[in-house]
Every structure is written in structure tokens, then in C-alpha cells.
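Numbering (this note's numbering), first residue to last: 26 to 156. For each residue, glycine too, the CB sits at the ideal point set by N, CA and C.
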């Protein structure tokens with residue numbers, strides 16, 4: 026007796042449901058807030074660096090130097106205001122990268138105003154090991 030289309034779809038999806046139940050699904054990016062911690066990821070995984078930021082003052086984080094794109098590629102950066110805070114309070118800025126190759130890369134960030142030529146008011150250097 027031939028299997029119906031619905032039964033075949035169910036049989037195909039059962040292994041996927043089992044993998045999901047066992048926690049074998051892709052996870053979100055590994056989040057790092059402490060520059061002294063080396064992020065350890067595998068190719069295809071993402072790492073997110075979160076830093077305090079307050080763009081209402083004109084300050085923001087930017088890359089101080091290019092990243093080794095044979096190891097990491099930039100995905101996005103975005104600002105998240107604090108929930109329920111008064112206007113002008115600091116939130117956080119996140120920088121997300123995807124590991125694309127084996128090796129070690131450094132993410133050097135500096136906090137300043139884009140239009141000012143003065144030295145940045147803060148810097149942060151994150152190390153990522155991809156293996």
C-alpha cells in the first residue's frame with residue numbers, strides 16, 4: 026500500500042524534530058562584552074561584541090583598522106537604547122561578525138565623534154580564534 030503524501034512528510038520531518046528537541050539547532054551569536062576574553066568560534070558561527078554607547082552625544086564606536094576578512098566578515102552594527110530609560114542615557118552598541126575561515130583575528134574598536142580628529146575617548150580590542 027503506497028504511503029500518502031502527508032505520512033511521507035511526517036516521516037521525513039521526525040528526525041528534524043528530534044534534532045531540535047536535543048538542542049542540535051543553530052544558536053545565536055556568541056556574545057562578548059569583556060575585551061580580555063578570547064572568543065572561540067567555528068567557521069559559520071557568529072560573534073557579537075557589545076559595548077556601552079550613547080549616540081545622543083555624538084559618540085559612536087567604529088573600527089580602528091580593517092579586520093582580516095579571511096577569518097571574519099562584518100555582519101552588522103546597531104545601537105540598542107536602554108529599556109524605560111530617560112532620554113540621553115547610555116545604551117549599548119553591538120558589532121556582529123561571522124567566522125569564515127580558520128585563524129585568529131583582532132577587532133579593534135574606538136569610541137569617538139566621526140567629525141573630530143582628536144584621539145578616541147575609549148578603545149576596545151577583542152580577540153577571536155576560529156578553529
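Grouping DSSP H, G and I as helix and E and B as strand, with all else coil, what is residue i?
| i | result |
| --- | --- |
| residue 49 | Caution is warranted here: a pLDDT of 37 is assigned to residue 49, below 50, making its placement in the model unreliable, and no coordinate value can be reported. |
| residue 63 | coil |
| residue 81 | helix |
| residue 58 | coil |
| residue 100 | strand |
| residue 118 | strand |
| residue 146 | coil |
Does the beta-carbon of residue i have 16 or more other beta-carbons within 10 angstroms, so that it is buried, or is it exposed?
| i | result |
| --- | --- |
| residue 88 | exposed |
| residue 146 | exposed |
| residue 140 | exposed |
Throw me the rounded Cβ distance for the residue i and residue j pair, which I believe falls under 8 Å.
| i | j | result |
| --- | --- | --- |
| residue 74 | residue 57 | 5 Å |
From the DSSP output, which residues share a beta bridge with residue i?
| i | result |
| --- | --- |
| residue 134 | 88 and 149 |
Would the beta-carbon of residue i be found less than 6 Å away from any heavy atom of the ligand SAM?
| i | result |
| --- | --- |
| residue 127 | Within the structure as shown, the ligand SAM is missing, as the structure has no ligands at all. |
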